[in-house]
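Note sheet for the following structure.
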Amino acid sequence: MSKLPVIEMFGPTIQGEGAVIGVKTMFVRTYGCDYRCGWCDSAFTWDGSAKDKVRMLAPEEIMAELNALAGDNFGCVTISGGNPALIGEGMGTFIRMLHERGIQAAIETQGSRWQDWFYDVDVLTVSPKPPSSGMKTNWEMLDGIMDKMKTQGSSAHSLKVVVFDDEDYQYAKSIHRRYPDVPLYLQPGNENVTEEGDISARLLGRLEWLFKQVIADPGMNKARVLPQLHALIWHNKRGK
Ligand code: SF4
57 MSKLPVIEMF GPTIQGEGAV IGVKTMFVRT YGCDYRCGWC DSAFTWDGSA
107 KDKVRMLAPE EIMAELNALA GDNFGCVTIS GGNPALIGEG MGTFIRMLHE
157 RGIQAAIETQ GSRWQDWFYD VDVLTVSPKP PSSGMKTNWE MLDGIMDKMK
207 TQGSSAHSLK VVVFDDEDYQ YAKSIHRRYP DVPLYLQPGN ENVTEEGDIS
257 ARLLGRLEWL FKQVIADPGM NKARVLPQLH ALIWHNKRGK
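Right, here's the structure in full:
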């Protein structure tokens, strides 16, 4: 059976972002990313600095570890990376295993790859990266993903754009125009992911800036602006 490259598992905690914000969840973080975002807050999933922490695990081994960590104290598992969409069949098996136990699967990916198991994800967040990341969006791929999810997907899917500056905001608007029927979440970027101590005042300042952009903008009437909730509480600490 296909194994998955897992770099960390933790929880239960509260999901701090996107469509499942506020939900109690376990986290499974996979290793490897096809992007190199300049402001990546989880570069350890691809830059080699934590390669010794990567384990190739079968879906049932991941399930067993989650149970050992939390027993039955969770009903949702968030799978993030890196880019979980780099993983094929093993992920589909893991998602089916979660469903057999009545557990929801929430996944975030940047929309650079398609996997057929997207159809089975309960909450799929597609998070294309704005210009400040230094990455270029593959629009053909993104259009294909959004089209398949719209026409054949049964799961809730949404878009999330992290916004650092005016150019990113314009990018988020172009996403909203391109996929007007898909819920869009905007989130201010964290400009210093290594700062220690209480960063909530800085993050709230950026949230207020983003609020003001959206409030003044008739082109964003259906977008939702959210903080990184967990960062307001736990700041830049990892594994929270
Ligand atoms: Fe980091 Fe996500 Fe960008 Fe990959 S897509 S480099 S994990 S921010």
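First residue of the sequence shown: 57, per the working numbering; consecutive thereafter. Even glycine gets a Cβ: it sits at the ideal position worked out from N, Cα and C. Keep in mind the model is a prediction, meaning the values are calculated, not measured.
So is residue i buried or exposed if we call it buried at 16+ other beta carbons inside 10 Å?
{"i": "residue 257", "result": "exposed"}
{"i": "residue 278", "result": "exposed"}
{"i": "residue 250", "result": "exposed"}
{"i": "residue 207", "result": "exposed"}
{"i": "residue 162", "result": "buried"}
Below 8 Å between beta carbons: does that hold for residue i and residue j?
{"i": "residue 87", "j": "residue 62", "result": "yes"}
{"i": "residue 110", "j": "residue 151", "result": "no"}
{"i": "residue 145", "j": "residue 230", "result": "no"}
{"i": "residue 136", "j": "residue 164", "result": "yes"}
{"i": "residue 189", "j": "residue 89", "result": "no"}
Residue i lies in the beta strand (DSSP E); which residues open and close that run?
{"i": "residue 291", "result": "First-last for residue 291: undefined, no H or E at that position."}
{"i": "residue 134", "result": "132-136"}
What residues are listed by DSSP as bridge partners for residue i?
{"i": "residue 61", "result": "112"}
{"i": "residue 70", "result": "80"}
{"i": "residue 213", "result": "180"}
{"i": "residue 86", "result": "62"}
{"i": "residue 201", "result": "Answer is none; residue 201 lacks a bridge partner."}
Under the three-state reduction of DSSP, which class applies to residue i: helix, strand or coil?
{"i": "residue 243", "result": "strand"}
{"i": "residue 162", "result": "strand"}
{"i": "residue 105", "result": "coil"}
{"i": "residue 218", "result": "strand"}
{"i": "residue 152", "result": "helix"}
{"i": "residue 280", "result": "strand"}
{"i": "residue 188", "result": "helix"}
{"i": "residue 143", "result": "coil"}
{"i": "residue 252", "result": "coil"}
{"i": "residue 274", "result": "helix"}
{"i": "residue 224", "result": "helix"}
What are the boundary residues of the alpha helix (DSSP H) that residue i is part of?
{"i": "residue 269", "result": "256-271"}
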